[in-house]
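For reference, the structure is listed below as structure tokens.
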Amino acid sequence: MPSHTKNTGGLSFEQTVPRSLAHRRCLGEVFVADTAAVGVGEYLAAVQIPRAHLLWSDRRGDQHDPLALVEAVRQAMTVFGHRYLNLPPDTALSLQRVAVDIEDRSVLHDDGATPLEGIVRLRTDLDAGTAYLTDHGFTATVTVGGAAAVSVRGGGIAFPAEAYAQLRQHQLADRLENGRGQGGSILRTSPVAPARVGRRDERNVVVGTGDSGVELVVDRRHPSFFDHPYDHVPGPLLLEGFRQAALLAVADTSASPPVALDAAPVTMAAEFSGFAEFHAPLILTSSIDRDDESDCAEIHLDLTQFGVRIAGCRIEFDLISPAPRRDAASLTAPEEIST
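Here the working numbering is used: position 129 in the sequence shown is 121, and no number is missing along the way.
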């Protein structure tokens, strides 16, 4: 049955929401097709990832990228805030923490012909009366073909435009005053080979290695990470940096380095304590715990800038187990949505 005729609780995949609601500049970077409010603090969104997307279609296996659904959840939250909570268009949303669990790898199988699409069900304590300057939490589940594929939970802060501008001005002035904004020249680390981090296109490689170890490579020309101008390094780029640094760590401790290319993420949890600036190196350090009996690896990563830790992440990989495939009938069955 074609995806646009599925029973999705009245949600449609016919067109995307206006790009301004998702804080995107390019139409092809909008992944939210439709939304609905189904209860107090509970919302649904139909999301679809383009098959030929520069970033999310650049993979070395036959599994859709679960971080593409994390980005879809992030966009859906932005749409919900504007559409149902009346947040002004210039509201700044700062993610403080996020945890991702891959619930069922089989539904992420890429048959080469069908775009990745699903339904986001999100619950949040964010409301119109207390939206600003307070830490709010959320939980979300993305179903694909009626089965739970990815769950995402986390929290963050919404800033009025003026308050955000004042905060960032104060932070940048403080760093310049203390000399941290001029703490040496930016390292010109070249990206590692795409195959080392599971990519084919070198434009999507965001880590490099040099004398200081692993460094985040920030290319503000990237059409997905920098769909529009930012005053700091955006969160999706930091998450991708953590993942790629973790793959390097796995490969470096493996007797057979190519195993990292087949590593399937099981969980990923990150927290952010500061903004990543453009004008100084961003260094990624890692430690790894290997369980050879279960073929699992847990990687702990830190991101530092100006000598200060500004973010951390824990990623667990299943190094050996191949991702199961669902039969075609189960993937195209109507998706029932209870409202």
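The C-beta atom is built at its ideal place from N, Cα and C for all residues, glycine as well.
On a predicted model such as this, the values are computed, not experimentally measured, just so you know.
Cα-Cα separation between residue i and residue j, rounded to whole angstroms
i, j, result
"P221", "E285", "46 Å"
"A252", "T259", "Note that A252 scores a pLDDT of 46, beneath 50, so its modelled location is shaky; the value from the coordinates is reported in the next line. Rounded to whole angstroms, A252 to T259 spans 16 Å at the Cα level."
"I178", "L274", "Here the model assigns I178 a pLDDT of 49, short of 50, so the residue's position is not dependable and the matter cannot be decided."
"E109", "L19", "17 Å"
"H74", "D119", "11 Å"
"V9", "T245", "45 Å"
"Y156", "A238", "32 Å"
"S278", "A241", "7 Å"
"G53", "F309", "15 Å"
Status (buried if at least 16 other CB within 10 Å, exposed otherwise) for residue i
i, result
"R235", "buried"
"Q7", "exposed"
"R188", "buried"
"S216", "buried"
"S4", "exposed"
"S204", "exposed"
"H162", "exposed"
"S49", "buried"
"A105", "exposed"
"E63", "buried"
"R212", "exposed"
"F72", "buried"
"F264", "buried"
"Q55", "buried"
"T126", "exposed"
"G148", "buried"
Strand pairing of residue i, partner residues [DSSP]
i, result
"M260", "V92 and I307"
"L293", "S278 and C305"
"A139", "V136"
"Q161", "BP columns for Q161 are empty, so no partner."
"T116", "F130"
"A84", "F151"
Beta-carbon proximity check, residue i vs residue j, cutoff 8 Å
i, j, result
"P152", "Y124", "yes"
"L36", "V112", "yes"
"L87", "G227", "yes"
"Q137", "V92", "For the record, residue 137 in the displayed sequence is Gly; it is not Gln. Cβ distance not < 8 Å, so G137 and V92 don't count as in contact."
"H101", "T116", "no"
"V90", "A262", "yes"
"A289", "I280", "yes"
"V142", "I94", "yes"
"V225", "G266", "no"
Cβ separation of residue i and residue j, assumed to be a contact under 8 Å, to the nearest whole Å
i, j, result
"P107", "P58", "Incorrect: roughly 15 Å between the Cβ atoms, too far for contact."
"V199", "R191", "10 Å between Cβ atoms; not a contact."
"L229", "V210", "7 Å"
"V22", "A132", "In fact, because the Cβ distance is near 18 Å, the residues do not count as touching under 8 Å."
"A25", "G2", "With a Cβ gap of about 12 Å, A25 and G2 do not count as contacting."
"I307", "I291", "5 Å"
Beta carbon proximity, residue i to chain C, threshold 8 Å
i, result
"E6", "Protein chain content of the structure displayed is limited to a single chain, and chain C is not contained in it."
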